[in-house]
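Novice: If you're matching them up, the sequences are chains A and B in order.
Sequence positions in the first sequence follow my numbering and run 926 to 1292.
Sequence positions in the second sequence follow my numbering and run 1117 to 1407.
Positions of the beta carbon are idealized from the N, C-alpha and C atoms, including for glycine.
Okay, here's the structure, questions in a sec.
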Amino acid sequence: MYVAVKGGETAIEAAHELLAEARRGDPGIAEIGVAQIDGQLALAVDRVMTEGSLYDRELAALAIKQARGDLVEAVFLLRAYRTTLPRLTASLPIDTGRGRIKRRISAVFKDVPGGQVLGPTFDYSHRLLDFALAETGAAAVETGTPGAEPLAPRETGPMPRVSSLLGEEGLLEPNVATAAEPEDLTREPLSFPAARALRLQNLARADEGFLLSLAYSTQRGYGRNHPFAGEIRIAEIDIEIVPPEFGFPVVIGSITVTECEMVNQFKGSESAPPQFTRGYGLAFGESERKAMAMALVDRALRAEELGEAVTAPAQDQEFVLYHSDNVEASGFTQHLKLPHYVDFQAELNLVRRLRGEWVQPEAKAAE
Amino acid sequence: MTGAESATAGPATGGYNFAYLDEHTKRMIRRAMLKAVAIPGYQVPFASREMPLPYGWGTGGIQVTASLIGKGDVLKVIDQGADDTTNAVSIRKFFRRTTGVAVTERTAEATIVQTRHRIPETPLRENQIIVYQVPIPEPLRWIEPRETETRKMHALSEYGGIYVRLYEDIAKFGRVTTSYDYPVLVNGRYLMRPSPVPKFDNPKMDMNPALQLFGAGREKRIYAVPPYTPVKSLDFTDHPFTVERWDRPCAICGAADSFLDEIVIDDRGGRMFVCSDTDYCRSNRAAKAAE
C-alpha cells in the first residue's frame, strides 16, 4: 500500500542523506570553502547577514554553503542561530559620518564636500558576460597580492552628510532624536501603530525582494513620494562599547554598512512649511539595492505622520510590517506541504454532503 | 516541569541549552502562558523566537513545549492524530535531541501532548497538558484582516460579524460550512480559534480536565483554556452545532466513535476509512486481542 506522508522516520533519514549528497554535488569537483564564499560571493554574504540580522561573515558564508546557495534558507539558518545568542551589551549608536568610506554618491548635487566616490559598483559596467571569468585563474583583471585586503577603504576626513547641507537651510525636515529606548521586535512582538524606529528595524530585516517591489510600486504611483537619492554611502564603521568598569568607549571591531538617505518632496501643511522630508535605509555590508528600497518604503510608511492619505500597500503599516519577513513568509507558505488530511477529510465530507443536496438548475425550474 | 530543574541541565545537548531555548526566553514565554491561563481564550502577544524549524511547522507549539518541559516529562507528539507523520517525527526528534526526555505514543502515558490538527480520542486527564500548534490565532481574521481592528473587536466582545457569517452559510447552504477551525467562545467571554482541528474535536475542549495551551509562533501569540473551562462552539438555537459522522466504523479497529481518515487504496476508486488517531486505533486492537 502506498502511504504518502506517514511512517516518515526512515524516509526523513534517507532524505537528509540525499540532501547532503546533493549539496556536495559532483565529488570530482573541489568542494567550495567558506572563505571562498565570503571572499568571492561577498554580496550574497552581505544579504544573508542583513536579513539574518547578524553581522558574522563566516557564519553567513557557512549558512550559504549549507543551504546550497538558497539565500532565504541561509537567512533562516542564521536567524535560528542568532536567536540563541546571549545579549552581552549594547554598543553605542554607530556614526556613519565617521567611517572609512568605500563608496559615497549623491544624486542631488553634482559635487559635494568630500567628493563623489564611486567605489566598486556595477552601475556603469556593461552587463556582458565576461567569458574570461569562466576560466579560473585566467580572469580578465587579476589584481592585488594574495592575502591582501582586496579593497582597502580610504581613510577619509569628515564627510558631511548631504542631508546636513540641506538641513542648514531648513529645506529638509530635522531628524528628531527620541530619548526613548528604541523597541526591539525580537524581544517584544510587533504592535500597532509601530514607531518609526521599530519600523526601521523591521525593514532592515525585511526580504530584499519584497521591499524592492514595494519601493518600486511607490515610484509607479501607489503612494508616490517624489524621491531623490540624497546620499548613498558604504563605509566601514567602528563599533564602540562602554564597559561599565572602564566608563569610556572602547572600539571592539568594525562593520561595513550601506546607508541611504532619500530626500522626498513635501508641500507643507498648516503646521509645517514646505520642505523636503526623509526616508532612511541601512543594511549590513554592500547592500545598496536593499538600502534604497528600505528608504523608499520608510518614507511611504510615514504617510500618516505627514498627514498624507494612506491609500497604497507600501503606506500600510500592517500590510508591510507583517509580510516583510522572509523567514516567516517562507515558512508559512511552505507549510502547505505538511499533511492536511484531517482538515481535508472534514472538507470532503462537507462537499460530498453539499453535492448530495444540490439540485440541478433545470430540476429546480421544473419544480 | 520547573525552571530550576531545566536550568541545570547544562550543555549536555551539544552547545544548546536544555530544550533549545535559553532560560530568559523560557521565563518570558512562561509569563505569557500564565497570563493566557488567567484570561482564558485571550491571545497574549509574546516575543516569539526563530526556531530551527520553519514558521508554519509548529514553532509556536514547540516554544510552548520547550518552556514547559522538564526532565521528568513524557512527551507525545502527533500530527493529523498520528505519531508517525513526518512533522511529528521531526518535532519529537528535536525534543529527544535537545532534552533527552522520554517520549511515548500512548496518550495515557504522556504528561505533555503536542499536537497539530487533532485532539486525541483518548480523554485527557488532570495533570496532562495539551499544546496546540496554531497557524492563525485570530478567529476574526477572515472577517477583518487588521490586527488593530480585531483587538478592538475582542475588547468590546463585538462578535456579531462572525454570527452573520455563520448565518449566511445557513441561508446559502442550509448549514454552517466551516468543517475545521470552527470558532468557539471560551468561558463565555473570548472568541477563540481552536487551531485547525476538525470541528469533530471541538466538544473535547469543553470542561476538559487537562490544561490546553495554544502557541502561534509566526503570529507571536499564546492563548489557553485552563482545566474545566466551558468552551462553546458557536451556533444558533434552531441550528445547533453538530459534528461529522461516518456511516461506517474504522476498517482496522472497528471504532465507531473516532475521526476517520480516508485512505485511497487503489486507482479504481477504492477507499478505506481508518482512525486518524493511531494510538487510539492501536489500543482498541490490543483490547480486542486481549478479549
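Looking only at its chain, what residues have a beta carbon closer than 6 Å to the beta carbon of Tyr1102(B), apart from the 5 residues adjacent to it on each side?
Specialist: Summary: the structure shown does not reach residue 1102(B), with chain B confined to residues 1117 through 1407, and so no result is reported for it.
Novice: For Ala1403(B), which of Gly1385(B), Ala1371(B), Ile1379(B) and Glu1378(B) has the nearest alpha-carbon?
Specialist: Here residue 1403(B) refers to the residue found at position 287 when the second sequence is read from its first residue. The residue with the shortest Cα to Cα distance from Ala1403(B) is Ala1371(B).
Novice: Could you tell me whether any Cβ in chain A is nearer than 8 Å to the Cβ of Lys1151(B)?
Specialist: Here residue 1151(B) corresponds to residue number 35 of the second sequence, with the count starting at 1. No - not a single Cβ of chain A is within 8 Å of the one on Lys1151(B).
Novice: What does Ile989(A) touch in chain B if you count any residue whose Cβ is under 8 Å from its own?
Specialist: Residue 989(A) sits at position 64 when you count from the first residue of the first sequence. Correct list: empty, because the minimum Cβ distance to chain B is about 17 Å.
Novice: Identify, in the order they occur along the chain, each residue of the same chain with its Cβ nearer than 7 Å to the Cβ of Ala1434(B), setting aside the five sequence neighbours on each side.
Specialist: Residue coverage of chain B in this structure runs from 1117 to 1407, which leaves residue 1434(B) outside it and unanswerable.
Novice: Strictly below 9 Å CB to CB, what residues from chain A border Ala1163(B)?
Specialist: The residue labelled residue 1163(B) in the question sits at position 47 within the second sequence. Under the 9 Å cutoff, chain A gives Asp1109, Leu1110, Thr1111, Arg1112, Glu1113 and Pro1114.
Novice: Answer yes or no: does any C-beta atom of chain B fall closer than 8 Å to that of Asn1127(A)?
Specialist: Indexing the first sequence from 1 puts residue 1127(A) at position 202. It does not: the Cβ of Asn1127(A) has no partner Cβ on chain B nearer than 8 Å.
Novice: Given a cut-off of 8 Å, decide if Asn1189(A) and Asn1150(A) are closer than it, judged by their beta-carbon atoms.
Specialist: Counted from its first residue, the first sequence places residue 1150(A) at position 225. Counted from its first residue, the first sequence places residue 1189(A) at position 264. Yes.
Novice: My understanding is that Ile1177(A) touches Ile1166(A), with C-beta atoms under 8 Å, so please give their C-beta distance in whole angstroms.
Specialist: Stepping through the first sequence from its first residue, residue 1177(A) is reached at position 252. Stepping through the first sequence from its first residue, residue 1166(A) is reached at position 241. Right, the Cβ-Cβ distance comes to about 6 Å (below 8 Å), so this counts as a contact.
Novice: Can you list, in chain order, the residues of the region 1176-1203 of chain B whose Cβ is nearer than 7 Å to any Cβ on chain A?
Specialist: Within the region 1176-1203 of chain B, the residues whose Cβ lies closer than 7 Å to some Cβ of chain A are Asp1195, Gln1196, Gly1197, Ala1198, Asp1200, Thr1201, Thr1202 and Asn1203, listed in chain order.
Novice: Only counting runs of 3 or more residues, tell me where the beta strand (DSSP E) segments fall wholly within the region 1375-1405 of chain B, in order along the chain.
Specialist: Complete beta strand (DSSP E) runs here, min 3: 1376-1380 and 1387-1391.
Novice: With DSSP as the reference, please indicate the residues paired to Leu1191(B) in a beta bridge.
Specialist: On the second sequence, residue 1191(B) is found 75 positions in, with the first residue counted as 1. Partner(s): Val1219(B) and Ile1228(B).
Novice: Could you check whether the region 1234-1241 of chain B touches the region 1268-1288 of chain B, counting it as contact only if at least three pairs of C-beta atoms, one from each stretch, sit closer than 8 Å?
Specialist: In short, these stretches do not touch, since the Cβ pair count stays below three.
Novice: In the DSSP assignment, what are the bridge partners of Gln1328(B)?
Specialist: Against the second sequence, residue 1328(B) aligns to sequence position 212. In the DSSP output, where bridge partners are listed per residue, Gln1328(B) has Ile1246(B) and Val1341(B).
Novice: Over what stretch of residues does the alpha helix (DSSP H) that includes Asn1251(A) continue unbroken?
Specialist: Locating residue 1251(A) in the first sequence gives position 326, counting from the first residue. Unbroken alpha helix (DSSP H) run through Asn1251(A): Asn1251 to Gln1259.
Novice: According to the neighbour-count rule (16 or more other Cβ atoms, all chains shown, within 10 Å of its Cβ), is Met1323(B) buried or exposed?
Specialist: Working through the second sequence from its first residue, we reach residue 1323(B) at position 207. Classification of Met1323(B): exposed, given that the 10 Å Cβ count is below 16.
Novice: How many Å lie between Pro1199(A) and Arg1121(A) at the Cα?
Specialist: Working through the first sequence from its first residue, we reach residue 1199(A) at position 274. Working through the first sequence from its first residue, we reach residue 1121(A) at position 196. Using only the alpha carbons, I get a separation of about 22 Å.
Novice: Taking Cβ to Cβ, would you say Ala1239(A) is nearer than 8 Å to Leu1139(A)?
Specialist: Counted from its first residue, the first sequence places residue 1239(A) at position 314. Counted from its first residue, the first sequence places residue 1139(A) at position 214. Taking 8 Å as the Cβ cut-off, Ala1239(A) and Leu1139(A) qualify as a contacting pair.
Novice: Mind checking if Ala1290(A) is an interface residue toward chain B, Cβ cutoff 8 Å exclusive?
Specialist: Residue mapping note: residue 1290(A) aligns to position 365 of the first sequence, counting from 1. Taking Cβ atoms only, chain B never reaches closer than 8 Å to Ala1290(A), which makes this a no.
Novice: Find the nearest neighbour of Val1033(A) within the set Gly1095(A), Leu1090(A), Ala1197(A) and Ala939(A), judged by alpha-carbon distance.
Specialist: By one-based count along the first sequence, residue 1033(A) stands at place 108. Looking at the Cα atoms, Leu1090(A) is the closest of the given residues.
Novice: Assess contact between the region 967-978 of chain A and the region 986-998 of chain A, defined as three or more Cβ pairs (one per stretch) separated by less than 8 Å. Is contact present?
Specialist: Taking 8 Å as the limit for Cβ pairs, the verdict is that the region 986-998 of chain A does touch the region 967-978 of chain A.
Novice: Would you mind listing the alpha helix (DSSP H) stretches within the region 1237-1313 of chain B that are 4+ residues and don't spill past its ends, in chain order?
Specialist: The qualifying runs are 1263-1271 and 1276-1289.
Novice: Using the C-alpha atoms, what's the distance from Asp1363(B) back to Pro1286(A)?
Specialist: Here the question's residue 1286(A) lines up with position 361 in the first sequence. Here the question's residue 1363(B) lines up with position 247 in the second sequence. C-alpha separation (whole angstroms): 29 Å.
Novice: What residue range is occupied by the uninterrupted beta strand (DSSP E) comprising Val959(A)?
Specialist: Residue mapping note: residue 959(A) aligns to position 34 of the first sequence, counting from 1. Premise fails: Val959(A) lies in the alpha helix (DSSP H), Val959 to Gln965, not in any beta strand (DSSP E).
Novice: Could you pull the DSSP bridge partners for Val1267(A) from this structure?
Specialist: Walking along the first sequence from the start, residue 1267(A) turns up at place 342. Paired residues: none, contrary to the question.
Novice: Within the 8 Å Cβ cut-off, does Pro1343(B) reach chain A?
Specialist: Counting from 1 along the second sequence, the entry for residue 1343(B) is found at position 227. Not one chain A Cβ lies under 8 Å of Pro1343(B).
Novice: Quick check on Val928(A): does DSSP put it in helix, strand or coil?
Specialist: Locating residue 928(A) in the first sequence gives position 3, counting from the first residue. Because the pLDDT of Val928(A) is 41, which lies under 50, any placement of that residue in the model is unreliable, and the number read from its coordinates should be weighed accordingly. Of the three classes helix, strand and coil, the one that applies to Val928(A) here is coil, per DSSP.
Novice: Between Phe1191(A) and chain B, is the shortest Cβ-Cβ distance under 8 Å, so that the two count as touching?
Specialist: Taking the first sequence and counting its residues from 1, one reaches residue 1191(A) at position 266. So, not an interface residue.
Novice: Flag Glu1282(A) as yes if its beta-carbon sits less than 8 Å from any beta-carbon of chain E, otherwise no.
Specialist: Although the question refers to chain E, the structure presented lacks it and instead comprises the protein chains A and B.
Novice: Under DSSP, the beta strand (DSSP E) around Gly1148(A) begins and ends at which residues?
Specialist: Working through the first sequence from its first residue, we reach residue 1148(A) at position 223. Neither: Gly1148(A) is in no beta strand (DSSP E) and is coded neither H nor E.
Novice: Counting C-beta neighbours from all protein chains within 10 Å, is the total for Ser1122(B) 16 or more, i.e. buried, or is it exposed?
Specialist: If you number the second sequence from 1, residue 1122(B) lands on position 6. For Ser1122(B), the predicted model reports a pLDDT of 40, less than 50, meaning its position is unreliable and no value from the coordinates is stated.
Novice: Which of helix, strand or coil does DSSP assign to Phe1056(A)?
Specialist: Taking the first residue of the first sequence as 1, we reach residue 1056(A) at position 131. Reduced to three states, the DSSP call for Phe1056(A) is helix.
Novice: Can you check whether the C-beta of Ala1065(A) is within less than 8 Å of a C-beta belonging to chain B?
Specialist: The residue you call residue 1065(A) lines up with position 140 of the first sequence. Note that Ala1065(A) scores 48 on pLDDT, short of 50, meaning its location in the model is unreliable; the coordinates nonetheless yield the value given after this. No, because no Cβ of chain B sits closer than 8 Å to the Cβ of Ala1065(A).
Novice: Using the Cα positions of Val1276(A) and Val1284(A), report the straight-line distance between them to the nearest angstrom.
Specialist: Residue numbering aside, residue 1276(A) sits at position 351 when the first sequence is read from its first letter. Residue numbering aside, residue 1284(A) sits at position 359 when the first sequence is read from its first letter. Whole-angstrom Cα-Cα distance: 14 Å.
Novice: Closer than 8 Å, CB to CB, is Arg1234(B) near chain A or not?
Specialist: Along the second sequence, one-based indexing puts residue 1234(B) at 118. Judged by the 8 Å Cβ criterion, Arg1234(B) is in contact with chain A.
Novice: Per DSSP, which residues does Lys1348(B) bridge with? Please list them.
Specialist: Residue numbering aside, residue 1348(B) sits at position 232 when the second sequence is read from its first letter. Looking at the DSSP assignment, Lys1348(B) forms a beta bridge with Leu1301(B).
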